[in-house]
Each structure stands twice: as structure tokens, then as C-alpha cells.
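Visitor:
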Amino acid sequence: MEYIIIIIAAVFINNIVLAQFLGICPFVGVSKQISTSIGMGGAVLFVMTLATMVTYLLMHYVLMPLELTFLRTIVFILVIASLVQIVEIILKKVSPPLYQALGIYLPLITTNCAVLGVAILTIQNNYNFLEGIVFAIANAIGFTLALLLLAGIREHLDLVGTPKRMQGAPIALIVAGILSLAFMGFVGIV
Amino acid sequence: MNQLQNFTKGLIKENPVFILLLGLCPALGVTTSAFNGFGMGIATTFVLLMSNLIISLLKNFIPSSVRIPSFIVVIASFVTAVDLIMAAYAPDLHSQLGLFIPLIVVNCVVLARAEAFASKKEVFSSIIDGLGIGVGFTFALTLLGAVREILGSGSLLGIQFLPQGTDGIIVFILAPGAFIGLGYLIVLMNLFKKN
Amino acid sequence: MKNKKPNTLFNMVSTLLIISSIAGMGLSGLYNITKEPIAKVQQKKIQMLLENVLPPFDRVEKKAFIPYDNLTDSILAFFAYDSQNNLLGIAAITYSLNGFSGLVKIMVGFLPDLTIRKTEVLKHSETPGLGDKMETGKSDFPVQFIDKHPETFQLRVKKDGGDVDAITAATITSRAFCDAIDRAYKTLIQHYSPK
Numbered sequence: 004m005e006y007i008i009i010i011i012a013a014v015f016i017n018n019i020v021l022a023q024f025l026g027i028c029p030f031v032g033v034s035k036q037i038s039t040s041i042g043m044g045g046a047v048l049f050v051m052t053l054a055t056m057v058t059y060l061l062m063h064y065v066l067m068p069l070e071l072t073f074l075r076t077i078v079f080i081l082v083i084a085s086l087v088q089i090v091e092i093i094l095k096k097v098s099p100p101l102y103q104a105l106g107i108y109l110p111l112i113t114t115n116c117a118v119l120g121v122a123i124l125t126i127q128n129n130y131n132f133l134e135g136i137v138f139a140i141a142n143a144i145g146f147t148l149a150l151l152l153l154a155g156i157r158e159h160l161d162l163v164g165t166p167k168r169m170q171g172a173p174i175a176l177i178v179a180g181i182l183s184l185a186f187m188g189f190v191g192i193v
Numbered sequence: 160m161n162q163l164q165n166f167t168k169g170l171i172k173e174n175p176v177f178i179l180l181l182g183l184c185p186a187l188g189v190t191t192s193a194f195n196g197f198g199m200g201i202a203t204t205f206v207l208l209m210s211n212l213i214i215s216l217l218k219n220f221i222p223s224s225v226r227i228p229s230f231i232v233v234i235a236s237f238v239t240a241v242d243l244i245m246a247a248y249a250p251d252l253h254s255q256l257g258l259f260i261p262l263i264v265v266n267c268v269v270l271a272r273a274e275a276f277a278s279k280k281e282v283f284s285s286i287i288d289g290l291g292i293g294v295g296f297t298f299a300l301t302l303l304g305a306v307r308e309i310l311g312s313g314s315l316l317g318i319q320f321l322p323q324g325t326d327g328i329i330v331f332i333l334a335p336g337a338f339i340g341l342g343y344l345i346v347l348m349n350l351f352k353k354n
Numbered sequence: 003m004k005n006k007k008p009n010t011l012f013n014m015v016s017t018l019l020i021i022s023s024i025a026g027m028g029l030s031g032l033y034n035i036t037k038e039p040i041a042k043v044q045q046k047k048i049q050m051l052l053e054n055v056l057p058p059f060d061r062v063e064k065k066a067f068i069p070y071d072n073l074t075d076s077i078l079a080f081f082a083y084d085s086q087n088n089l090l091g092i093a094a095i096t097y098s099l100n101g102f103s104g105l106v107k108i109m110v111g112f113l114p115d116l117t118i119r120k121t122e123v124l125k126h127s128e129t130p131g132l133g134d135k136m137e138t139g140k141s142d143f144p145v146q147f148i149d150k151h152p153e154t155f156q157l158r159v160k161k162d163g164g165d166v167d168a169i170t171a172a173t174i175t176s177r178a179f180c181d182a183i184d185r186a187y188k189t190l191i192q193h194y195s196p197k
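Protein chains in written order, with my numbering: chain A, 4 to 193; chain B, 160 to 354; chain C, 3 to 197.
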């Protein structure tokens, strides 16, 4: 039951992009097409879950016992950077077209505030290891969901035509704002 | 380019938030008031300045294949330093900015500047560049924070100007307002840019 | 002028090691310097909270108790006395892990007979605009606990058969809030008989 609440909260109510403002840069950059959004979502899912697991273990079994918690930021970001490198290498071998499509956005997962944010939030919310994993997966799903929604809308907008000054980021942000408003309606579910 | 241009480009022409679209996460996350936006801008500027300085100094000592991890360690160290200093000497701002302080380390602005500029140019230019971009970032965040605070809370810098008991347009201090506010500000800046 | 270091394994590893060590040492130093100011800030915060939830007192005695249901983190109890050593009240820092987003930490001020005097929310990650209504001043939710005694005022939401009016659309947060106060009460009576 607990896990269901964690999932619903992460995907709909406290959506990592639309409510917590994490992961905006790739959100605005990658959401132009549905296909790249799915690819990005998958990569983020993998990195986010692994990163949360590794940082959780490091935090609880190394940093806290040694009273080195102030090194949290450095350790966490190095873990994430390494994981992204590994994902890049794997993706190059396994699916070169996806690797090409994601382009610069793949290494940018390192600077995706959502990944580091979720790792830190797992510690802050005092989740245990299993809850942390569920939390990470759920947030990655929430991220992908927001990405897909925005990509779908933007693909339509391309056909309709937007005022010149609003093209690109501004209209993406305004649409995101409306999506965020819509998602606020989920808040009363539980 | 001369140093004056180096500095001012960060303000409007290459404003990190409005034009380069970097550092959007904190721009949306902490701008519930002008003061919070300003505080975050200052903290980020400090990190930007120090990391540009150190990375520019060390650029010939870092083998290029490990430059990204090295930059990350340098940047993360200064972020941790800012985190500790704020917790000790500016606790209210520290708890307002919360999660976004450690997130400065993944602020695309800082890493992008290190990679694109500081690792290639001399120390003085790098410092000026860091300052310029930092000031531009602070300007953007303070502006967005001010807009959201005025419309959403009916106050500016904590000074209420709406009569007691009336709410502002609350949506502006909530999530949707951040997106919409930033979106329209970028449109305004685009107008500015063309002129 | 490219006199960069060659990318040998030795260079890569040594560069990273040197940078990391300097960063580590610098930060340890900074951590030690800021440890005390940070602790002082925490103490001041607790003092202010105690003065808020308790009647005016002259001194406090701090005790830590293991929660009655054996959760890991202790409940901190502050016994407040006047200058003649009369017990004026007990403040307990208690928590619930059942919040919507996890941990909810509150401070409850009790009178010597364990009537609830006041509550103050310390930490939570509940939804802004909903769960956060348990904070003082944001809604009437916390007011209903004042002057109630857990023996006669059942600390569960009405939906669960208790006496508490939950926050609309924030049942889980309301439950967690009650759970925290209940934990404080049940733990205190294990070690202290109300007068």
C-alpha cells in the first residue's frame, strides 16, 4: 500500500518536472519529438534508478558512519557522471541510432537536476532501500510522462504555427505551465 | 573581444536564462520571491567565479580525457562550500533555497562555462566571464522572482503593498506560475533582443 | 599555446587524486569551521520553538526516549521548569513516517497533565497548498488540538473513528500529524506520570 502511494505521488501529484521543477533543461530541449522523448525517458529511468541505489548505499554505509555527510554532493555527482558514461558506452554498442538521436542530451543526463535531485530526496525523505528504488522508478516514469505529454503537444503546435517570438522555449514553457496546472488537479486523489 | 564586452554579454545578449536557456531548474524552483531569486543568483555566481578561476588556472595541468570529472570535483567542492557557509551564516535563506543549493553543481551554466570558456582562456578573461554570466543569471532570477512575488503575494522584497487579507494571484507562487512567468519573460527578452 | 599534459594513465589518475585530495582537505577544514555556527543556529531554532509551544520557562532538561513502538529515531522531550523547579510543561519533538511524502516532524507542547498546549511543524515534504496546511497559520487544522487531552480526544481522523477533523483532500497528511502526536503521548506516559 505504501508503495502505491509513493508511485502515485511521484508520477502525478509531485511530478518531478511539473511540480518540483527538476529536469527542465532536457524537458525543454528533448520534448520536440515523441520518439526522442521515449529514448530519453528510458535512459533517465536506467540512470536514475541505478544512481539512487548506489548513492543510497554509499550514504548509509560509508558517508554516515564516517561522518562525512558533507561530501554528499561531490560523491553523488561523481557516481551519476560515471553511470552516464557507462550508459553511453552501452548504448553506442547496443543501439547506435538511438545514441545518435539523443545526441548531446545523453551526456546531459549528468546535469539533469532530476537525477541528482531524486538521489538527494530519497535520503531526505528517509526512505529505505526498497522504497528508494520504487521512488526512483516512479519519478523516472513521471519525468517520461511529462516529456511525452509536452512532446505530443509540441508536435501539434509545429503544424499549427506559433507567433515568431514565442517559438521554441517560450511556448514550451507556457504549455508546461498549463500542464502543471492540470496536474494540480491530481492533488486531491488521496 | 575586450573585457567590457566580455562582461556585459552575460547580461542581455547571452543571458544564461533568457537567451541560452540554461539553469532553468533553479530559475523556476526558487523564484517565489525576489529575495530568494537574488540569493540563489549570488550563490551561483560565487560558484561560477571560483570554478572558472580554478579551472582556468589548472587548465594546462588537467589531461583532457579526465577534464569533465576534474571540473565536476572542483565545482562540487565550491557548491559544498557554499552550502556549508550558508547553513552557518544565512540559515533562513539556506532553508528557503533547500534542495536547489546542492543542485547548483548540475546547473548547466556552471559546467558549460567551464568547458566552453575557462578551460580555454586565460585567468582574467575567465573571471570576467564568470562575473558577467553570474550577474546576468542573478538579474534573470531576481526579475522572475520579483514578477512572481508581485503578482502572487502582492509584495516586493517582503514589503506588502496589497491590503491585508487579500491574496495575490496565488497561481504565480505555485508551479504553473513559474513556467508561465518564465515563458512570457523570455518572449519579452526576445523582443528586446531584436531591437 | 598548447602545453597540456599528455593523457597517460599515470597523469589521469594522479591529477584526479590530487584534485580530490585538495578538495577533500579544504572541505574538511571548512566543515570544521562551520560546524559550530551551524550547531548554534540549530540550538537557536529549537529555543525559539520551545518558547513558542511552552509557557514561559526558566530552564529545560532534555531527555531522549525510544518511541513506544520501537521506531529507530528517539523522541526528544524537553522538560521545562521555572526558577523554583516546578514543572511547567513538556515539549516533545516527535515524528511520523506515514506522511504523504515520508517524514513529518512536529513539536508538541504539553502541560504537566499532558493536555496539548500547542503544536509546531518542524519538517515535512507534504504537498504545498494541501498537506502543508498543517503548518500554523495556514489553516485551522492544528488549532483543534489545543487544550485537548489525548485520553478524551481520540488522536485519529474522523474517517478512522477518531475525533480529528482532517484537512480536506489531505487525509494522509492529517493521519501522519495525529500519528506523531500520538507517538509523543504514548512514549511520554511510559516514562512520566501526568500531574
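We treat Cβ as the ideally placed atom computed from N, Cα and C, and that holds for glycine.
These numbers were taken from a predicted model, which means no experiment stands behind them.
#1: What do you reckon, are the CB atoms on A/Val137 and A/Val50 nearer than 7 Å?
#2: Can you grab the Cα-Cα spacing for the pair A/Ser98 / B/Ile328, in whole Å?
#3: Relative to chain C, which residues along the stretch 66 to 82 of chain A have a C-beta separation below 8 Å, given in chain order?
#4: For the stretch 151 to 174 of chain C, which residues have a beta carbon sitting closer than 7 Å to at least one beta carbon of chain A?
#5: Since C/Thr96 is in the alpha helix (DSSP H), which residue starts that stretch and which ends it?
#6: Taking the alpha-carbon positions, what's the C/Ile92 to C/Lys125 distance?
#7: Quick one, are the C-beta atoms of B/Ala247 and C/Ile40 less than 7 Å apart?
#8: Check whether the Cβ of A/Asn128 lies closer than 7 Å to any Cβ atom in chain C.
#9: Looking at the structure shown, is C/Ile21 part of a helix, part of a strand, or coil, going by DSSP?
#10: Is there a Cβ of chain A sitting closer than 7 Å to that of B/Ile345, yes or no?
#11: Using beta carbons (cut-off 7 Å, strictly below), is C/Leu105 in contact with chain A?
#12: Since B/Leu187 meets chain A, which of its residues come closer than 8 Å, beta carbon to beta carbon?
#13: Please tell me whether C/Val123 has its Cβ less than 7 Å away from any Cβ of chain B.
#14: Take C/Ser85 as the anchor and find which of C/Tyr33, C/Phe59, C/Gly28, C/Tyr70 has the nearest alpha-carbon.
#15: How big is the Cα-Cα spacing for C/Pro152 and C/Thr117?
#16: Output the residue ranges of the beta strand (DSSP E) runs that lie fully inside the stretch 65 to 99 of chain A and measure 3 residues or longer, sorted by chain position.
#17: Let me confirm a value: C/Phe179 is counted as buried when at least 16 other C-beta atoms fall within 10 Å, else exposed. Which label applies?
#18: With 9 Å as the limit, tell me which residues of the stretch 4 to 27 of chain C have their beta carbon closer than that to any beta carbon of chain B; keep them in chain order.
#19: Among A/Val33, A/Asn129, A/Leu21, which has the Cα closest to the Cα of A/Ile112?
#20: Is the Cβ of A/Val87 closer than 7 Å to any Cβ of chain C?
#21: I need the DSSP call for C/Leu78, collapsed to helix, strand or coil.
#22: Is there a C-beta anywhere in chain C that falls below 7 Å from the one on B/Leu258?
#23: Can you round the beta-carbon distance between A/Ala172 and B/Leu180 to whole angstroms, since I take them to be within the 8 Å contact cut?
#24: From the DSSP output, in three-state form, read off C/Lys4 for me.
#25: Between which two residues does the beta strand (DSSP E) carrying C/Lys160 extend?
#26: With respect to the beta strand (DSSP E) encompassing A/Glu134, which residues constitute its N-terminal and C-terminal limits?
#27: State the beta-bridge partners of C/Arg61 as determined by DSSP.
#28: Buried or exposed, going by whether 16 or more other CB atoms sit within 10 Å of the CB of A/Met67?
#29: Unbroken alpha helix (DSSP H) runs of length 4 or more, entirely within the stretch 227 to 275 of chain B: which are they?
#30: Report back the beta-carbon spacing between A/Leu150 and A/Ser40 to the nearest angstrom; my notes put them in contact at under 8 Å.
#31: Mind checking C/Ala66: buried by the 16 CB within 10 Å criterion, or exposed?
#32: Just to confirm the assignment, what range does the alpha helix (DSSP H) spanning C/Lys188 have?
#33: Would you say the stretch 176 to 192 of chain A touches the stretch 267 to 285 of chain B, given that touching needs at least three Cβ pairs under 8 Å?
#34: Kindly give me the distance between the Cβ atoms of C/Thr129 and A/Ile16, rounded to whole angstroms, as I take these residues to be in contact under 8 Å.
#35: Got a sec? Which residues, its chain only, sit under 7 Å from A/Ala84 by beta carbon, not counting five neighbours each side?
#36: Distance, Cα to Cα, A/Val20 vs B/Ser224?
Guide: Inspection of the coordinates gives the following:
#1: Here residue 137 of chain A refers to the residue found at position 134 of the first sequence. Here residue 50 of chain A refers to the residue found at position 47 of the first sequence. By the CB criterion at 7 Å, A/Val137 and A/Val50 fall outside the cutoff.
#2: The residue you call residue 98 of chain A lines up with position 95 of the first sequence. The residue you call residue 328 of chain B lines up with position 169 of the second sequence. Rounded to whole angstroms, the separation of the alpha carbons of B/Ile328 and A/Ser98 is 48 Å.
#3: For the stretch 66 to 82 of chain A, which is checked against every Cβ of chain C, the residues closer than 8 Å are Phe73, Leu74, Ile77.
#4: Going along the stretch 151 to 174 of chain C in chain order, one finds Ala171, Thr173, Ile174 with a Cβ nearer than 7 Å to chain A.
#5: Counting from one through the third sequence, the residue named residue 96 of chain C turns up at place 94. Under the DSSP assignment, C/Thr96 falls outside any alpha helix (DSSP H), being part of the beta strand (DSSP E) whose first and last residues are 89 to 101.
#6: Taking the third sequence and counting its residues from 1, the one referred to as residue 92 of chain C is at position 90. Taking the third sequence and counting its residues from 1, the one referred to as residue 125 of chain C is at position 123. A direct Cα-to-Cα measurement between C/Ile92 and C/Lys125 gives close to 20 Å.
#7: Translated into the one-based positions of the second sequence, residue 247 of chain B becomes position 88. Translated into the one-based positions of the third sequence, residue 40 of chain C becomes position 38. Yes, these two residues count as a Cβ contact at 7 Å.
#8: Residue numbering aside, residue 128 of chain A sits at position 125 when the first sequence is read from its first letter. It does; some Cβ of chain C falls within 7 Å.
#9: Numbered from 1 along the third sequence, position 19 holds the residue referred to as residue 21 of chain C. In the structure shown, C/Ile21 sits in a helix (DSSP, three-state: H, G or I).
#10: Indexing the second sequence from 1 puts residue 345 of chain B at position 186. Interface flag for B/Ile345 against chain A is set, since a Cβ pair is found closer than 7 Å.
#11: Residue numbering aside, residue 105 of chain C sits at position 103 when the third sequence is read from its first letter. C/Leu105 counts as touching chain A.
#12: Residue mapping note: residue 187 of chain B aligns to position 28 of the second sequence, counting from 1. Neighbours of B/Leu187 on chain A, chain order: Phe24, Ile27.
#13: Looking up residue 123 of chain C in the third sequence gives position 121. Proximity of C/Val123 to chain B, defined by a Cβ-Cβ separation below 7 Å, is not satisfied.
#14: Position 83 of the third sequence holds residue 85 of chain C. Ranking C/Tyr33, C/Phe59, C/Gly28, C/Tyr70 by Cα distance to C/Ser85 puts C/Phe59 first.
#15: One-based indexing of the third sequence puts residue 152 of chain C at position 150. One-based indexing of the third sequence puts residue 117 of chain C at position 115. Computed Cα separation, rounded: 7 Å.
#16: The stretch 65 to 99 of chain A contains no whole beta strand (DSSP E) run of 3 or more residues.
#17: As a working mapping, residue 179 of chain C is identified with position 177 in the third sequence. Using a 10 angstroms sphere on the CB of C/Phe179, the tally of other CB atoms reaches 16 or more, which defines it as buried.
#18: Answer set for the stretch 4 to 27 of chain C: Lys4, Asn5, Lys6, Lys7, Pro8, Asn9, Thr10, Asn13, Met14, Val15, Thr17, Leu18, Ile20, Ile21, Ser22, Ile24, Ala25, Gly26.
#19: To locate residue 112 of chain A, count along the first sequence from 1; it is residue 109. Taking only the C-alpha atoms, the option nearest A/Ile112 is A/Val33.
#20: The count along the first sequence starts at 1 and reaches residue 87 of chain A at position 84. By this cut-off, A/Val87 is not an interface position.
#21: What you label residue 78 of chain C is simply residue 76 of the third sequence in a count that begins at 1. Assigned with DSSP and collapsed to three states, C/Leu78 falls in strand.
#22: On the second sequence, residue 258 of chain B is found 99 positions in, with the first residue counted as 1. With 7 Å as the cut-off, B/Leu258 does not count as an interface residue toward chain C.
#23: The residue given as residue 172 of chain A occupies position 169 in the first sequence. The residue given as residue 180 of chain B occupies position 21 in the second sequence. Contact between A/Ala172 and B/Leu180 holds: their C-beta atoms lie close to 5 Å from each other, under 8 Å.
#24: Start at 1 with the first residue of the third sequence, and residue 4 of chain C comes out as number 2. Residue confidence for C/Lys4 is low, a pLDDT of 45 falling below 50, so the modelled location carries little weight; the figure read from the coordinates is stated next. Of the three classes helix, strand and coil, the one that applies to C/Lys4 here is coil, per DSSP.
#25: As a position in the third sequence, residue 160 of chain C is number 158, starting the count at 1. No beta strand (DSSP E) contains C/Lys160, which DSSP labels as neither H nor E.
#26: The count along the first sequence starts at 1 and reaches residue 134 of chain A at position 131. For A/Glu134, there is no enclosing beta strand (DSSP E); the residue is part of the alpha helix (DSSP H) that begins and ends at 132 to 163.
#27: Locating residue 61 of chain C in the third sequence gives position 59, counting from the first residue. C/Tyr83, per the DSSP bridge assignment.
#28: Taking the first sequence and counting its residues from 1, one reaches residue 67 of chain A at position 64. Here A/Met67 is exposed: its Cβ has fewer than 16 other Cβ atoms, across all protein chains shown, within 10 Å.
#29: If we require 4 residues or more, the alpha helix (DSSP H) runs fully inside the stretch 227 to 275 of chain B come out as 250 to 256, 267 to 272.
#30: What you label residue 150 of chain A is simply residue 147 of the first sequence in a count that begins at 1. What you label residue 40 of chain A is simply residue 37 of the first sequence in a count that begins at 1. Between A/Leu150 and A/Ser40 a beta carbon distance of about 4 Å is seen, short of the 8 Å cut, so the two are scored as contacting.
#31: As a working mapping, residue 66 of chain C is identified with position 64 in the third sequence. Its Cβ having fewer than 16 others within 10 Å, C/Ala66 is exposed.
#32: Residue numbering aside, residue 188 of chain C sits at position 186 when the third sequence is read from its first letter. Per DSSP, C/Lys188 belongs to the alpha helix (DSSP H) from 173 to 193.
#33: No: the two stretches stay apart, fewer than three of their Cβ pairs being nearer than 8 Å.
#34: Counting from 1 along the third sequence, the entry for residue 129 of chain C is found at position 127. Counting from 1 along the first sequence, the entry for residue 16 of chain A is found at position 13. Rounded, the Cβ-Cβ distance is 6 Å, consistent with contact.
#35: Numbered from 1 along the first sequence, position 81 holds the residue referred to as residue 84 of chain A. So the list reads Thr113, once near-sequence residues are dropped.
#36: Taking the first sequence and counting its residues from 1, the one referred to as residue 20 of chain A is at position 17. Taking the second sequence and counting its residues from 1, the one referred to as residue 224 of chain B is at position 65. Rounded to whole angstroms, the gap between the alpha carbons of A/Val20 and B/Ser224 is 33 Å.
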